[in-house]
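*Asks:* To start, I am sharing the structure in question, which I have written as structure tokens.
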Amino acid sequence: MPDPQTASLVDEILARGERRPERLLQMLVQLQEALGYLPADVLTVLAKGLGLPRARVEGVAGFYSFLHLAPVGRYRVLFPDNIIDRMLGTPGLMDRMCRNLWLEPGHVSEDGVASVDTTSCIGMGDQGPSMLVNGHTLTGIDDARIDAICDRIRAGEPVGAWPAEWFRVEDNIRRADLLLDARLAPGEALAAAIALGREGWLEQMHRSNLRGRGGAGFTTAVKWLACRDAAGADKVVVCNADEGEPGTFKDRVLLTRLADAVFEGMTLAAWAVGAQQGFLYLRGEYRYLVEALESTLEARRSAGLLGHCIHGCQGFDFDIEIRLGAGAYVCGEETALLESLEGKRGTPRIRPPFPVTHGYLGRPTVVNNVETLAKTCLIARDGGEWFASHGTAQSTGTKLLSVSGDVARPGVYEYPFGVPVERVLRDAGAEDTLAVQVGGAAGIMLAGYEFGRHIAFEDVPTAGAFMVFDARRDPFEVARNFVHFFAHESCGFCTPCRVGTGLLKGYMDKLADGNGAYRDLADIEWLDRLLKNASHCGLGSSAPNPVIDVLQKFRPAIERRLRSADFQPAFDLDKALERARQMTGRDDAEAHLSNSPEHS
Amino acid sequence: MSDAPKLKVATVSLAGCFGCHMSFLDMDERILGLLERIEFDRSPLTDIKTVGRCDIGLIEGGVCNAENVHVLREFRRQCHTLVALGACAVNGGLPAQRNHLDVGQCLQAVYLSRQGLEGGRVPDDPELPLPLDKVHPVHEVVRVDYFLPGCPPSGDVIFKFLSDLITGRTPRISHPALHYD
Amino acid sequence: MRDTPQTFLLDGVPVPFHEGQTILEAARAAGRYIPHLCWHPDFPPHGSCKLCIVKVGGRHVSSCAMPARAGAEVESDTPEMNGERRALLQMLFVEGNHFCPSCEKSGHCQLQALAYDLEMMTPRFNHFYPDRPVDASHPDVLLDFNRCIYCELCVRASRDKDGKSIFALTNRGIHKHLVVNAESGRLGDTDFSGDDLAANICPVGVILRKRVGFAVPIGSRTYDATPIRVVAMQSEDGEGA
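Residue numbers (the numbering used here), protein chains in the order written: chain A, 503 to 1102; chain B, 2 to 182; chain C, 6 to 246.
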């Protein structure tokens, strides 16, 4: 049994969440914040309070990387491990911190004060080296800052009392176009859409030919129409703010700079489909945005832009609740996101049925990306045809790109669709560029001969990531980093992704260690095919993309890793004898093995 | 009767129990027919200790120590076709069930910790092969051409397999002859 | 009242179906076997093992979950699909610790039987050799997690049929694993019973009744003489013991 103080905390959190099982994840996040981890007896009490089997609560708690079933120290330090972060020097900074605090990465310090580990991209690729401490985002980290942070950790100073400038996140808007230049006044778009009537508003959406900015590019009006026409009166609008694709951070900027437009877009969707309930599913990494977002919501309620009779329109009731994720990339997949919203493990659902008919708690649900929703405001205010006159015929309007890596000016760039890759490179000040990863880890790696291609659904589609690598970088290491990412983020539901991403990681590490052979390339290609063909969702089927691209476009980067043309052992033979050498004290020739069969 | 030279066959047991070799003998009088087509090189059946150029190498057992690695590599170098014979060669088998234990603690338990071992030491004679931290199937150490699972594969299955191989048919073992136990 | 059955082509042969039937269900009703591990006739499709993948119009789909469509051309028993299925089995074998000779479920195991059927001669990939302690705390039932394939049949049976929710999955990716409904983590501290459906539904050797192991002699076990493609179609519940 938890002590009385903890027990009353659990009670309070249960009451705040109205003992609703779909709020389980939110309650776990709150308990984690308050207690630093989730003790076994707390899970038991929580399960009882929600009327859920304890095993299910444990199952959910174990799924998300920001929830811990064992203590992780009073200071939990996480360094993002995307390739861009690595290029910015986070491995060296992490090493410095571990030495300062006398601890091993991944292990809690002996005094129980701190632990240091890596995490997936936290959406700060344009901010210089960054990190999370107890969920707070710190940017612009250098050696001196690491030392100062360690001093405060040793002094036991709460993160909330650290200097405010350590937490400053710049918007870095480098090129503004339709959206970032729009100067939308709160309620302006909504007034226009209400004046059009629900039908008239949907008609404008059709004319705009707006397609989803989350990557898949489904036509937004078609999605809305399907949801509107689905059986069931209690419809739901969800804004997918789980911006987890490595190298993407444009939604962070929209939620910072244009939060009103995002919420207004959700309200416009609600107007079109007849929804009364809305959710913003915000990735745990953007926890620092919650307070500002809540006050924007509050201001909109006061202004009559949320709640009952929105904008004075009888029968137009809609409100928005913010729900936090807790470190799971797969929840960006819309059906996994819905599971997570329902307080469950973020496992993608079987489709069909699709969310527009069976979404949140089985109700018809529209799930749209942050940028998609913000853009609907432009359509409401300036008209569908006006919107469609920008971009290309198949990709109307503009696209926000998150540019990072080897460029002089990392940040957010808004272009009309159809912009050539080389134009973006020029604007961002990229020199001697070897490769560009467009669309994140799941996207496509472009080689020099492709820089004339265009950012558009019909050519190079993207959810917004644009990672630039110059000639100093090794495309093999880029792909290996992404393979590690997918293995870490696989939900584990289906066989090919659960096992295949792990196997792929093993092969890439084997090559990195200089123990690769041509035969391994054949196995890698076979795994790529299985992942592509047999995976349950997009995570698994896109996991091999970076490897396939490197094999096709940067083959020498892989081939120079090969040690033998034929076959190399699956594991490091000499290392496998290390433990026995320790125990026997032997170091003679017979106590060693060569990994190369010619020298056995 | 063919005048073709006999195929040379070598066999060895690494981390195995010789059960697959016993099963080989279960071919009984069919071995005599087989001997019209093959002759043995290194094998526990001939007691020849070194392996020369061979057409077929049969490996029983997984790879548990440095000596296993050397022998296996020697077989790979000398044998045109290498076959993983039996469960242990195919997936590590029974010996691999130590893989969740730390080999250092195993050595400690065997040579140091138990009663009556006070003042003992872990043997460090260079003649003794060092154990690997885990037991591995043979295909994780060398390239393997064919796999014949079973604990052991029966004499019938081994006979069918070798007959196929010698005749030039792709060996094919299916239900109910194919089994893993 | 039902519509006249429509048909789709399974490996070139027409298979009739009714609206709402999946490809696998319709095939099964027509006496055609499509390999599967996580699918069970008494439960809604799960779609995790992916052994039932088929190709429809050039696209891979899970036949257990994909509704049958009139005129569809479905490829299932082809070298290509069986090759991919074999590879999925190989993944399952290297992921856990599957030592058939010492497993009580050997001869009754669906994973093993399917591997025989698809002529899997080697696990091919590199083994993970995970460390998964067994749970022997329950008086009648042993849990050997080394063999889990995450089909969740025990999870579903206990939750939806037994009304107990004894099992759940926790963690994720390659670290995903079963947990039981007790703070101690021990099966003996739950209200699990050997008579639960969940105790008798495991297709592999994770959930084992104590004191009956190896009772059936080799040669008489479920899949010794009859392959899974036949047993699966014969038995009432579609599955072996």
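Built from N, CA and C at the ideal position, the CB exists for glycine as well.
On the DSSP letters alone, give me the boundaries of the alpha helix (DSSP H) that G20 (chain B) sits inside.
*Replies:* G20 to L26
*Asks:* Strictly below 7 Å CB to CB, what residues from chain B border D136 (chain C)?
*Replies:* H101
*Asks:* Output yes if chain C places a C-beta closer than 8 Å to the C-beta of H81 (chain B); else output no.
*Replies:* no
*Asks:* Do we get a CB-CB distance below 8 Å when we pair A246 (chain C) with the residues of chain B?
*Replies:* Note that A246 (chain C) scores 41 on pLDDT, short of 50, meaning its location in the model is unreliable; the coordinates nonetheless yield the value given after this. Closer than 8 Å: no.
*Asks:* Return the CA-CA distance between V872 (chain A) and V59 (chain C), expressed in angstroms with no decimal places.
*Replies:* 36 Å
*Asks:* Please report how far the alpha carbon of T546 (chain A) lies from the alpha carbon of V921 (chain A), in whole angstroms.
*Replies:* 55 Å
*Asks:* Against F130 (chain C), what residues of chain A qualify as contacts under a CB-to-CB distance less than 7 Å, listed in chain order?
*Replies:* L1005
*Asks:* Around the C-beta of M96 (chain C), are 16 or more other C-beta atoms found within 10 angstroms, so that it is buried, or is it exposed?
*Replies:* buried
*Asks:* Give the DSSP bridge partners of Q11 (chain C), in chain order.
*Replies:* Answer is C:F22, bridged to Q11 (chain C).
*Asks:* Just to make sure I have the definition right: I need the residues of chain A whose C-beta is within less than 8 Å of the C-beta of K166 (chain C). Which are they?
*Replies:* The premise fails here: K166 (chain C) is roughly 14 Å from chain A at the closest Cβ pair, so nothing lies under 8 Å.
*Asks:* Which one of A:P857, A:Q1070 and A:D976 has the shortest CA to CA distance from A732 (chain A)?
*Replies:* A:P857
*Asks:* Can you say whether F219 (chain C) is buried or exposed, counting buried as having 16 or more other CB atoms within 10 angstroms of its CB?
*Replies:* exposed
*Asks:* Given a threshold of 16 other Cβ atoms within 10 Å of its Cβ, counted over all protein chains shown, does R518 (chain A) qualify as buried or as exposed?
*Replies:* exposed
*Asks:* Is it buried or exposed, Y1020 (chain A), if we count other Cβ atoms within 10 angstroms and call 16 or more buried?
*Replies:* exposed
*Asks:* With a threshold of 8 Å, are at least 3 pairs of Cβ atoms found where one atom belongs to the stretch 837-854 of chain A and the other to the stretch 664-678 of chain A?
*Replies:* no
*Asks:* Residues of chain C with a CB under 7 Å from the CB of Q1 (chain B): which are they?
*Replies:* No answer is possible for residue 1 (chain B): the residues shown for chain B start at 2 and end at 182.
*Asks:* Does DSSP put D200 (chain C) in a helix, a strand or coil?
*Replies:* coil
*Asks:* Measuring CA to CA, which of A:T1086, A:M947, A:M1010 and A:C999 is closest to D1051 (chain A)?
*Replies:* A:M947
*Asks:* Helix, strand or coil: how does DSSP classify Y790 (chain A) here?
*Replies:* helix
*Asks:* Just by C-beta distance, which residues in the stretch 812-829 of chain A are closer than 7 Å to chain C?
*Replies:* Listed by position along the chain: nothing, the set is empty.
*Asks:* In three-state terms, what does DSSP make of I1050 (chain A)?
*Replies:* Three-state DSSP puts I1050 (chain A) in a helix.
*Asks:* Quick one: residues in its chain with C-beta nearer than 6 Å to the C-beta of R677 (chain A), no 5 flanking neighbours on either side, listed in chain order?
*Replies:* Y915 and E916
*Asks:* Would you say F995 (chain A) and S622 (chain A) are within 8 Å of each other, going by their C-beta atoms?
*Replies:* Taking 8 Å as the cut-off, the beta carbon of F995 (chain A) is found no closer than this to the beta carbon of S622 (chain A).
*Asks:* As a quick exercise: from A:L875, A:K1007 and A:I852, pick the residue whose alpha carbon is nearest that of A763 (chain A).
*Replies:* A:L875
*Asks:* Would you give the residue range spanned by the alpha helix (DSSP H) that M707 (chain A) belongs to?
*Replies:* E690 to S710
*Asks:* Suppose you measure from the CA of V217 (chain C) to the CA of P106 (chain C); what does that come to, to the nearest Å?
*Replies:* 16 Å
*Asks:* Let me check one thing: in DSSP terms, what residues is I233 (chain C) bridge-paired to?
*Replies:* BP columns for I233 (chain C) are empty, so no partner.
*Asks:* Where does C600 (chain A) fall in DSSP's three states?
*Replies:* helix
*Asks:* Provide the residue span of the beta strand (DSSP E) that contains M125 (chain C), from first to last.
*Replies:* No beta strand (DSSP E) contains M125 (chain C), which DSSP labels as neither H nor E.
*Asks:* For the beta strand (DSSP E) that contains V872 (chain A), what are its first and last residues?
*Replies:* That residue, V872 (chain A), is in no beta strand (DSSP E); its alpha helix (DSSP H) goes V872 to D884.
*Asks:* Quick one: grab the DSSP three-state call for G63 (chain C).
*Replies:* Three-state result, G63 (chain C): coil.
*Asks:* Does the Cβ of G492 (chain A) have 16 or more other Cβ atoms within 10 Å, making it buried, or fewer, making it exposed?
*Replies:* The displayed coordinates of chain A run from 503 to 1102. Any statement about residue 492 (chain A) would go beyond what the structure contains.
*Asks:* Alpha carbon to alpha carbon, how far is H23 (chain C) from D16 (chain C)?
*Replies:* H23 (chain C) and D16 (chain C) have their C-alpha atoms some 19 Å from each other.
*Asks:* Compare the C-beta of S198 (chain C) against all C-beta atoms of chain A and say whether one is closer than 8 Å.
*Replies:* By this cut-off, S198 (chain C) is not an interface position.
*Asks:* Here's the rule I'm using: 16 or more other beta-carbon atoms within 10 Å means buried, otherwise exposed. How should Q1103 (chain A) be labelled?
*Replies:* Coverage of chain A is limited to positions 503 through 1102, which leaves residue 1103 (chain A) absent and any answer about it impossible.
*Asks:* Report the three-state DSSP secondary structure of F150 (chain C) (helix, strand or coil).
*Replies:* helix
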